[in-house]
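**Student:**
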Amino acid sequence: DAKTTQPNSMESNEEEPVHLPCNHSTISGTDYIHWYRQLPSQGPEYVIHGLTSNVNNRMASLAIAEDRKSSTLILHRATLRDAAVYYCILRDWTQGGKLIFGQGTELSVKP
Amino acid sequence: DTGVSQNPRHKITKRGQNVTFRCDPISEHNRLYWYRQTLGQGPEFLTYFQNEAQLEKSRLLSDRFSAERPKGSFSTLEIQRTEQGDSAMYLCASSQGQSNQYFGPGTRLLVL
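Residue numbers (my numbering), protein chains in the order written: chain Z, 8 to 118; chain X, 784 to 895.
Below, the structure is given as structure tokens:
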């Protein structure tokens, strides 16, 4: 399974943008890049995913490098409720449905 | 709210006892997944079902663990002869095919 590397922790101020990086140098052509987050005492929740092009949804944006070896999750205006562990996951769509989580980035948001 | 539900939310048991957890997926979802999460770590995949068929099992799923989804709806995860190392959060998720997975709140198990 392809691996991802994320910083262990990041800090942000409320209402400022946050850029969460992820390196995935061994990504294969069939890997989608997924982001999930886990709020304290809850199960993970889907945030966004993409293959090659940048993606936007109501929660966040995903910027994917041209060589696909890295990506960045962008929260445009962090709120206190965005404090969570963010997981960058490579999901091979040909290999069933399981998600392989790393340790993720713990994001703290200061008021 | 018709999200994924798990019961019980918390379970304390003594070493050597058997425990069973239940997961009710989102009703139209044909896939159901079990994960385990220990403190400070990301969730680890255990097994998944497509309808009632168990399609993949992780090496983490020792012979003390068994999962079923008899009618392709709810699922149970049983741990026999629990050990202290089984203490963890057990998470269930469901999806329609390979679409995004929706997770339940988890069952926190403590083995004394």
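For glycine and all other residues, C-beta sits at the position ideal for the given N, C-alpha and C. This structure is a prediction, so every number in the text was calculated from the model and none was measured.
By DSSP's criteria, Gly807 of chain X is part of a beta bridge. Which residues make up the other side?
**Tutor:** Per the sequence shown, residue 807 of chain X should be read as Asp rather than Gly. Paired residues: X:Ser788.
**Student:** Measuring only the C-alpha atoms, how far is Gln867 of chain X from Leu895 of chain X?
**Tutor:** For Gln867 of chain X and Leu895 of chain X, the distance between alpha carbons rounds to 6 Å.
**Student:** Please list, in chain order, the chain X residues whose beta carbon lies closer than 7 Å to that of Gln110 of chain Z.
**Tutor:** Those are Gln824 and Gly825, listed as they occur along chain X.
**Student:** Counting pairs of Cβ atoms below 8 Å between the segment 846-854 of chain X and the segment 78-96 of chain Z, do you hit three or more?
**Tutor:** No, they do not touch.
**Student:** Beta carbons nearer than 7 Å to chain X: which residues of the segment 47-58 of chain Z have them?
**Tutor:** Here the close residues are Gln49, Gly50, Pro51, Glu52 and Tyr53.
**Student:** Is Gly799 of chain X helix, strand or coil by DSSP?
**Tutor:** Residue state, collapsed to three classes: coil.
**Student:** Can you find at least 3 beta carbon pairs, one from the segment 25-39 of chain Z and one from the segment 8-17 of chain Z, that sit closer than 8 Å?
**Tutor:** As far as the Cβ criterion goes, the segment 25-39 of chain Z touches the segment 8-17 of chain Z, which means the pair count is three or higher.
**Student:** Between X:Leu860, X:Leu838 and X:Glu835, which lies nearest to Asn846 of chain X when the distance is taken from Cα to Cα?
**Tutor:** Note that residue 846 of chain X corresponds to Asp in the displayed sequence, not to Asn. Among X:Leu860, X:Leu838 and X:Glu835, the Cα nearest to that of Asp846 of chain X is on X:Leu860.
**Student:** Got a sec? Which residues, its chain only, sit under 6 Å from Leu27 of chain Z by beta carbon, not counting five neighbours each side?
**Tutor:** Cβ within range, chain order: Leu80, Tyr93 and Thr112.
**Student:** In whole angstroms, give me the CA-to-CA distance for Lys105 of chain Z and Phe857 of chain X.
**Tutor:** Distance between the alpha carbons of Lys105 of chain Z and Phe857 of chain X is about 18 Å.
**Student:** Quick check on Gln45 of chain Z: does DSSP put it in helix, strand or coil?
**Tutor:** Reduced to three states, the DSSP call for Gln45 of chain Z is strand.
**Student:** Could you tell me which of Z:Ile96, Z:Leu87, Z:Ile107 and Z:Trp100 sits nearest to Pro47 of chain Z, measuring between CA atoms?
**Tutor:** Ranking Z:Ile96, Z:Leu87, Z:Ile107 and Z:Trp100 by Cα distance to Pro47 of chain Z puts Z:Leu87 first.
**Student:** Distance, Cα to Cα, Gly786 of chain X vs Gln800 of chain X?
**Tutor:** Approximately 30 Å between the Cα atoms of the pair.
**Student:** In its own chain, which residues sit with a C-beta less than 6 Å from the C-beta of Phe828 of chain X, not counting the 5 before and 5 after it?
**Tutor:** Excluding sequence neighbours, Phe828 of chain X sits near Tyr818 and Ser841.
**Student:** Taking the alpha carbon of Thr101 of chain Z as the reference point, which residue from X:Ser882, X:Ile795 and X:Asp869 has its own alpha carbon closest?
**Tutor:** The shortest Cα separation from Thr101 of chain Z among X:Ser882, X:Ile795 and X:Asp869 belongs to X:Ser882.
**Student:** To the nearest whole angstrom, what separates the beta carbons of Asn61 of chain Z and Ala67 of chain Z, a pair I think is in contact under 8 Å?
**Tutor:** Between Ala67 of chain Z and Asn61 of chain Z the Cβ distance is about 11 Å, and since that is not below 8 Å, they are no contact.
**Student:** Determine the chain X residues that contact Tyr94 of chain Z at a beta-carbon separation under 8 Å, and present them in chain order.
**Tutor:** Going along chain X in sequence order, the residues near Tyr94 of chain Z (Cβ under 8 Å) are Gly825.
**Student:** In whole angstroms, give me the CA-to-CA distance for Ile795 of chain X and Thr803 of chain X.
**Tutor:** Between Ile795 of chain X and Thr803 of chain X, the C-alpha separation is close to 12 Å.
**Student:** Taking Arg814 of chain X as part of the beta strand (DSSP E), name the residues at either end of that continuous run.
**Tutor:** Counting along the chain, the beta strand (DSSP E) containing Arg814 of chain X begins and ends at Arg814 to Gln820.
**Student:** So, using beta-carbon positions, are Gly50 of chain Z and Leu874 of chain X closer together than 9 Å?
**Tutor:** In contact: Gly50 of chain Z and Leu874 of chain X (Cβ atoms closer than 9 Å).
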